[in-house]
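Each remark here refers to the structure printed beneath this line.
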Amino acid sequence: MGKKRLVTRSDFDGLVCAMILRELDIIEDIKFVHPKDVQDGKIELSENDITTNLPYDPRVGLAFDHHESEIDRLKSIEAGGELVIDPHARSAARVVFQYYGGKEKLPGITDELMDAVDKGDSA
147 MGKKRLVTRS DFDGLVCAMI LRELDIIEDI KFVHPKDVQD GKIELSENDI TTNLPYDPRV
207 GLAFDHHESE IDRLKSIEAG GELVIDPHAR SAARVVFQYY GGKEKLPGIT DELMDAVDKG
267 DSA
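Per my numbering, the very first residue in the sequence shown carries number 147; after that it's consecutive.
Given below as structure tokens:
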């Protein structure tokens, strides 16, 4: 399995998602995009992409989100790749962190960093 490309927002949550996925050696490239451009289909995506904190697009292989509004929107979209969504998480980074094993698998990702991204994204 080759490395993936991360497609995310250029905010603190997106940066922490990138840190986590780099720590796990899953991604080789990062593309920062605007959510509306993804929703409008303006961004080229493939099954080799992982998205975080963006509107779900069925072309991607794996997507992470924490927005409850996305659950309602997805009822009208045919799913493609795997979607990991937790509306109770305070950030997409928290969803990614938990999905990949949390502190046990990612000891280099500090509680302070995770608390900061949770606080920043839910403000």
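Where is the CB? At the ideal position from N, CA and C, for every residue including glycine.
The structure presented is a predicted model; accordingly, all values stated were derived computationally and were not measured.
{"Query": "In or out: glycine 160 buried (at least 16 other Cβ within 10 Å) or exposed?", "Result": "buried"}
{"Query": "Going along the chain, which residues of its own chain have a beta-carbon closer than 7 Å to the beta-carbon of lysine 149, five neighbours each way excluded?", "Result": "Ile172, Ile173 and Glu174"}
{"Query": "For phenylalanine 243, is the classification buried or exposed, using 16 other Cβ atoms within 10 angstroms of its Cβ as the cut-off for buried?", "Result": "buried"}
{"Query": "Suppose you measure from the CA of arginine 240 to the CA of aspartate 264; what does that come to, to the nearest Å?", "Result": "7 Å"}
{"Query": "In the DSSP assignment, what residue or residues form a beta bridge with valine 153?", "Result": "Lys177 and Thr197"}
{"Query": "Round the Cβ separation of alanine 238 and asparagine 199 to the nearest angstrom and send it over; I've been treating them as touching at under 8 Å.", "Result": "4 Å"}
{"Query": "Please report the distance separating the alpha-carbon of histidine 180 from that of lysine 251.", "Result": "30 Å"}
{"Query": "Round the Cβ separation of leucine 152 and cysteine 163 to the nearest angstrom and send it over; I've been treating them as touching at under 8 Å.", "Result": "7 Å"}
{"Query": "Using the DSSP secondary-structure output, state which residues sit across from leucine 229 in a beta bridge.", "Result": "Ala209"}
{"Query": "In the DSSP assignment, find the unbroken alpha helix (DSSP H) run with glycine 148 in it and report its ends.", "Result": "Taken as a continuous stretch (DSSP letters only), glycine 148 belongs to no alpha helix (DSSP H), as it is neither H nor E."}
{"Query": "Going by alpha carbons, who is nearest to alanine 209 out of Lys249, Gly248, Leu167 and Asp186?", "Result": "Leu167"}
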